[in-house]
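Numbering (the numbering used here), first residue to last: 571 to 890.
From the three backbone atoms N, C-alpha and C, an ideal C-beta is built for every residue, glycine too.
Please read all numbers here as calculations on a predicted model, not as lab measurements.
Some notes on the structure that comes next.
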Ligand SMILES: Nc1ncnc2c1ncn2[C@@H]1O[C@H](COP(=O)(O)OP(=O)(O)OP(=O)(O)O)[C@@H](O)[C@H]1O
């Protein structure tokens, strides 16, 4: 069966101040319908670039220099502008960190939701969509302009608009990073329950490993523009096989509750200017051996997940 999303060896470069930054360096990911996927990794690992590439939403400074993104078999990079618009409108929904960016400041909220319903919505439909994201007094919210809403309310409106299009894939790029912790939980609850109701596949780009472990069926770990580990969230986070995943898990503050020492990951993530010669994590990896810096690691399927690591099958990798 054709997967809903298939990203194959994707390479994306940004032209930046006279040099090239390679944001994706052969990223690969396959997602089936109905999955809830958390994509995690430090800043700069390529999460947002991957999310934008799915909808052909990369900024002008970016170019896709290799690989492919297929949504239900359609190669996004070869679609004509009209087809791309249809893909975004009909099959994809996006939620970003700053909801205000998704809303038109000059238009009342109700009218914006009506447009997201592609003009087919009655006033009652607009109110119903605002009520579904648990906005109190949805009629009043519908009459408001975006600047009259709090951050949490604006994000709920953005969710209502994204879900109004009945997307097959909802791409949520750190949707709660700008919210305080209690509202964050409520907003995540709204996103995940609406998506579950509608059978929408979720790709959630996040820095929050414990929250991903709680809500996602699968976790995808990115480093240096590649997917370095991917599998069932419980398996990957309970017994990581990639040294980078293991370091991320150790760096989570909550680990201290289990008696583990708090740690941060020593060293800096790479800023690539071209294809990494070996494993991009090798300079920071406590287990690195000779081939790690010299050769690009193979994809290994082991212990119910896929790992991009020379050491994935070695006993040194087990039980990190
Ligand atoms: N518009 C841009 N121009 C130049 N370089 C960019 C641009 N956007 C991203 N990059 C670079 O591409 C790489 C990947 O960035 P990206 O934003 O995709 O990572 P990320 O994992 O989403 O980070 P964060 O968690 O901070 O959002 C980084 O080195 C980043 O500096």
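- With a beta-carbon spacing of about 12 Å, residue 607 and residue 573 fall beyond the 8 Å limit used to define contacts.
- As DSSP reads the structure, residue 633 sits in a beta bridge with 583.
- The three-state secondary structure of residue 695, taken from DSSP, is helix.
- Placement of the Cβ of residue 853 at a distance of 7 Å or more from every heavy atom of ligand 1 is found.
- Remark: the C-beta of residue 635 is outside contact range of ligand 1, defined as less than 7 Å to any heavy atom.
- Taken atom to atom, the span from the alpha-carbon of residue 687 to that of residue 804 is near 37 Å.
- The three-state reading of DSSP puts residue 723 in helix, counting H, G and I together.
- Residue 728 sits close to residue 673, with the two beta carbons spaced by under 8 Å.
- Distances between the C-beta of residue 804 and the heavy atoms of ligand 1 are all 7 Å or more.
- Check the Cα spacing between residue 845 and each of 858, 865 and 611: the tightest is with 865.
- For the options 860, 632 and 665, the alpha carbon positioned closest to that of residue 732 is the one of 665.
- Take the alpha-carbon of residue 637 and the one of residue 713: they are about 45 Å apart.
- Looking at 792, 819, 809 and 874, the one whose alpha-carbon comes closest to that of residue 849 is 792.
- Residue 586 has its Cβ nearer than 7 Å to a heavy atom of ligand 1.
- With fewer than 16 other beta carbons inside 10 angstroms of its own, residue 643 counts as exposed.
- For residue 619, the distance from the CB to the nearest heavy atom of ligand 1 is below 7 Å.
- Look at the beta carbons and you see the region 816–823 not touching the region 625–639: under three pairs across the two are nearer than 8 Å.
- For residue 841, the distance from the CB to the nearest heavy atom of ligand 1 is below 7 Å.
- Residue 595: member of the beta strand (DSSP E) spanning 589–601, first to last residue.
- Look at residue 788 here: in three-state DSSP terms it is strand.
- The Cβ-Cβ distance between residue 765 and residue 772 falls below 8 Å.
- For residue 841, the three-state secondary structure derived from DSSP is coil.
- Within 7 Å of the C-beta of residue 616 there is at least one heavy atom belonging to ligand 1.
- By the Cβ neighbour-count rule, residue 841 is exposed, with fewer than 16 other Cβ atoms within 10 Å of its own.
- Under the Cβ criterion (8 Å, minimum of three pairs), the region 737–750 counts as touching the region 618–627.
- Look at the region 616–684 and you find these whole runs of beta strand (DSSP E), each 3 residues long or longer: 632–641 and 662–665.
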